[in-house]
Every structure is written in structure tokens, then in C-alpha cells.
Amino acid sequence: MPQQQTRNPEPGGQLDWWATAPLPAPGAGQVPVPAPVAPTEFVPGPAAEFVPVPGRQFVPGPEPVPATDSSIEVYRAVQRSAAFQRIRHSYRTFVFPVSGVFLAWYLFYVAAQAAAPALMRRPVAGPVNVAWLLGLLQFATTFLLAWLYARNARTKRDRAALSLRWDTQDQLR
Numbered sequence: 007m008p009q010q011q012t013r014n015p016e017p018g019g020q021l022d023w024w025a026t027a028p029l030p031a032p033g034a035g036q037v038p039v040p041a042p043v044a045p046t047e048f049v050p051g052p053a054a055e056f057v058p059v060p061g062r063q064f065v066p067g068p069e070p071v072p073a074t075d076s077s078i079e080v081y082r083a084v085q086r087s088a089a090f091q092r093i094r095h096s097y098r099t100f101v102f103p104v105s106g107v108f109l110a111w112y113l114f115y116v117a118a119q120a121a122a123p124a125l126m127r128r129p130v131a132g133p134v135n136v137a138w139l140l141g142l143l144q145f146a147t148t149f150l151l152a153w154l155y156a157r158n159a160r161t162k163r164d165r166a167a168l169s170l171r172w173d174t175q176d177q178l179r
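The following block contains the structure:
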């Protein structure tokens with residue numbers, strides 16, 4: 007494990023744990039490509055570290071396949087399909103109204119702070135005043151909307167989107 011830096015580096019210097027080989031000046035040749043690294047495994051414990059896995063070698067993954075005209079046409083056909091349009095419609099009919107309501111609720115809170123400070127200072131219970139209560143309700147509303155979005159996605163869109171995804175991948179094979 008690298009040692010922690012105990013002093014500031016000189017001006018223009020690098021910290022120990024960030025130190026890398028300097029890049030050559032432009033036009034001084036190509037930057038060398040680092041050699042492949044052996045796969046490592048995390049070993050938990052007091053001296054937690056990554057150690058090489060014996061008997062395994064680094065195998066680079068496959069090169070990315072460039073998109074062909076046929077795959078582009080498959081995705082365009084999916085985008086024009088009725089199933090995809092239903093999924094997008096379901097998404098939009100939930101997200102846009104809910105976002106608008108939440109934005110209006112937030113702007114109401116900000117406007118109330120600016121326009122009615124006396125009302126916002128009115129105590130509700132002990133040291134909690136109207137401003138604190140509305141501020142805490144902003145957090146509650148955020149969590150409620152996140153839960154509603156996840157439930158809406160799970161019940162109305164996820165199954166249809168997964169089916170469309172499998173159909174698309176079958177067409178690409």
C-alpha cells in the first residue's frame with residue numbers, strides 16, 4: 007500500500023499516490039501502452055488489499071462491434087413500434103405531471119419564505135415553526151415521489167420494456 011503523503015509537494019510536484027510516469031512532450035513519439043495487469047482479488051482483513059490471482063491471466067475483452075446499417079434499422083423500427091410508444095407514453099404521463107406538481111410545491115415553499123416571513127416563523131410545535139415543517143415535508147415528498155416512480159415503473163413499464171429488449175436482441179442476432 008502506498009505511504010500517505012506527510013508534506014506538501016514542491017510547486018509543480020505530484021503527490022506520492024498520484025505519481026505517474028510523465029507524458030512525453032508533443033511530437034516526441036507515441037505514449038507507451040501499459041502492459042496488461044494480472045487479475046486481482048480483494049482480500050478482506052486488517053491489511054485489506056488486492057492480490058494477484060494465481061493461475062489466471064488477463065484476457066482482453068472482445069473489440070466493440072461497429073453498428074451496421076441493419077442494426078440501426080432494427081433500432082429505428084423498435085422506436086417506431088407501438089410497444090415502444092406505449093412505454094414512452096406511460097413514462098411521460100407519470101413523470102411530467104409529477105415533476106410539475108413537485109416544482110410548484112418547491113416554488114410555493116420558496117415564495118412563502120420570501121413573501122410571508124411572519125407566517126413562516128409561526129410556531130407549530132415547540133421549536134418547530136411553519137418553515138421547518140414545510141422544509142421537512144420537502145424531504146418527505148422527495149422520498150414519496152421516488153417510491154411512487156419506482157412502483158409505477160415496476161408495475162407499468164419494466165415488463166414491457168424487458169420484453170421489447172429481448173425481441174430487439176433476437177432481431178440483432
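Using our numbering, you'd call the opening residue of the sequence shown number 7 and step up by one each time.
We put the CB at the ideal spot given by N, CA and C, even for glycine.
Inset, instruction - Return helix, strand or coil for A122, following the three-state DSSP convention. - result: Numbered from its first residue, the sequence shown carries residue 122 at position 116. Note: A122 maps to coil in three-state DSSP.
Legend entry - Integer-rounded CB distance, given that I93 should sit under 8 Å from R163: Counted from its first residue, the sequence shown places residue 163 at position 157. Counted from its first residue, the sequence shown places residue 93 at position 87. Their Cβ separation, rounded to whole angstroms, is 5 Å, which keeps R163 and I93 in contact under 8 Å.
Inset, instruction - Whole angstroms is fine: what's the gap from T74's alpha carbon to P103's? - result: Translated into positions along the sequence shown, residue 74 becomes position 68. Translated into positions along the sequence shown, residue 103 becomes position 97. One C-alpha to the other measures close to 38 Å.
Inset, instruction - Measure the beta-carbon distance from Y115 to L140 and round it to whole angstroms, keeping in mind my assumption that it falls under 8 Å. - result: Indexing the sequence shown from 1 puts residue 115 at position 109. Indexing the sequence shown from 1 puts residue 140 at position 134. Sure, about 5 Å apart at Cβ, within 8 Å.
Inset, instruction - Measure the C-alpha to C-alpha separation of L168 and A117 and round it to an integer number of angstroms. - result: Residue 168 sits at position 162 when you count from the first residue of the sequence shown. Residue 117 sits at position 111 when you count from the first residue of the sequence shown. For the pair L168 and A117, the Cα-to-Cα distance works out to about 43 Å.
Legend entry - Nearest residue (CA-CA) to M126, options A120, A137, P133 and G132: Translated into positions along the sequence shown, residue 126 becomes position 120. M126 has its Cα closest to that of A137, out of A120, A137, P133 and G132.
Inset, instruction - Indicate the three-state DSSP secondary structure (helix, strand or coil) for P133 in the structure shown. - result: What you label residue 133 is simply residue 127 of the sequence shown in a count that begins at 1. DSSP places P133 in coil when its eight states are reduced to three.
Legend entry - Presumed contact (8 Å Cβ cut-off) between F108 and T147, rounded CB distance: Residue mapping note: residue 108 aligns to position 102 of the sequence shown, counting from 1. Residue mapping note: residue 147 aligns to position 141 of the sequence shown, counting from 1. About 7 Å separates the two Cβ atoms, so the contact holds.
Inset, instruction - Below 7 Å CB to CB, which residues in the same chain sit around D173 once its five sequence neighbours on both sides are set aside? - result: Taking the sequence shown and counting its residues from 1, the one referred to as residue 173 is at position 167. So no residue of the chain qualifies.
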